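**Q** Using UniProt numbering, read the sequence shown as starting at 1 and increasing by one per residue. Note that CB positions come from ideal geometry on N, CA and C, so glycine has one too. Here the structure is a predicted model, which means the values were calculated and not measured.
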Amino acid sequence: MNKPQQHEKGQNQNGKAWLYALGGLAIGVVGTIFGMKAMNNEQSQTNSQSKSNPEPSQITSDGEQFLETLCCPITGELIVDAAQLSTCGHTFEKFVLLEWLKKSKNCPQCRKPASEQDIIKNYALQQVIDQHRTKQQ
Numbered sequence: 001m002n003k004p005q006q007h008e009k010g011q012n013q014n015g016k017a018w019l020y021a022l023g024g025l026a027i028g029v030v031g032t033i034f035g036m037k038a039m040n041n042e043q044s045q046t047n048s049q050s051k052s053n054p055e056p057s058q059i060t061s062d063g064e065q066f067l068e069t070l071c072c073p074i075t076g077e078l079i080v081d082a083a084q085l086s087t088c089g090h091t092f093e094k095f096v097l098l099e100w101l102k103k104s105k106n107c108p109q110c111r112k113p114a115s116e117q118d119i120i121k122n123y124a125l126q127q128v129i130d131q132h133r134t135k136q137q
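1. In whole angstroms, what separates the C-alpha of SER86 from that of ASP118?
2. My assumption, with CB atoms under 8 Å, is that CYS88 sits in contact with CYS107. Please give the rounded CB distance.
3. Which whole runs of the alpha helix (DSSP H) in the UniProt domain "U-box" (65-137) are 4 residues long or more, in chain order?
4. Rounding to the nearest angstrom, what Cα-Cα distance links GLN77 and LYS105 in this structure?
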């Protein structure tokens with residue numbers, strides 16, 4: 001073999017080596033991407049399972065939070081007659097809210113201006129309260 005032929009053969013082998021190296025690199029990148037996707041899928045499944053099967057402490061906390069929404073923010077007691085301020089949407093025991101508005105012309109929670117004319121019945125919350133009361137008896 002003469003010198004130019006040897007040089008071409010060496011370049012050809014170097015080109016093949018680079019081609020193999022790039023191919024291996026591409027395969028590694030693709031494998032890494034698929035591996036990361038598989039890990040994300042497993043993590044998503046684990047997260048969704050933990051949400052669908054909450055721990056007992058989480059249920060208690062949610063139950064306590066639910067009961068708080070049925071209580072008047074002023075008295076802390078279960079609402080008997082749900083009255084909502086149309087100006088801000090906050091709900092209170094009607095009698096207590098009326099007493100509050102005699103002394104102060106703003107919402108007890110957010111302090112937006114309010115008056116007796118802004119009081120409306122909160123039918124949705126009242127229905128939930130009534131159902132809760134029925135279950136407790």
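**A** In short:
1. Within the sequence shown, residue 86 is the residue found at index 86, counting from 1. Within the sequence shown, residue 118 is the residue found at index 118, counting from 1. The alpha-carbon atoms of SER86 and ASP118 are separated by roughly 5 Å.
2. As a first step, residue 88 is located in the sequence shown; it is residue number 88 there, counting from the start. As a first step, residue 107 is located in the sequence shown; it is residue number 107 there, counting from the start. Indeed, because the Cβ distance is near 5 Å, the residues count as touching under 8 Å.
3. Unbroken alpha helix (DSSP H) stretches of 4 residues or longer found wholly inside the UniProt domain "U-box" (65-137): 94-103, 123-136, given in chain order.
4. Residue 77 sits at position 77 when you count from the first residue of the sequence shown. Residue 105 sits at position 105 when you count from the first residue of the sequence shown. Reading off the sequence shown, one finds Glu at residue 77, where the question assumed Gln. Approximately 23 Å between the Cα atoms of the pair.
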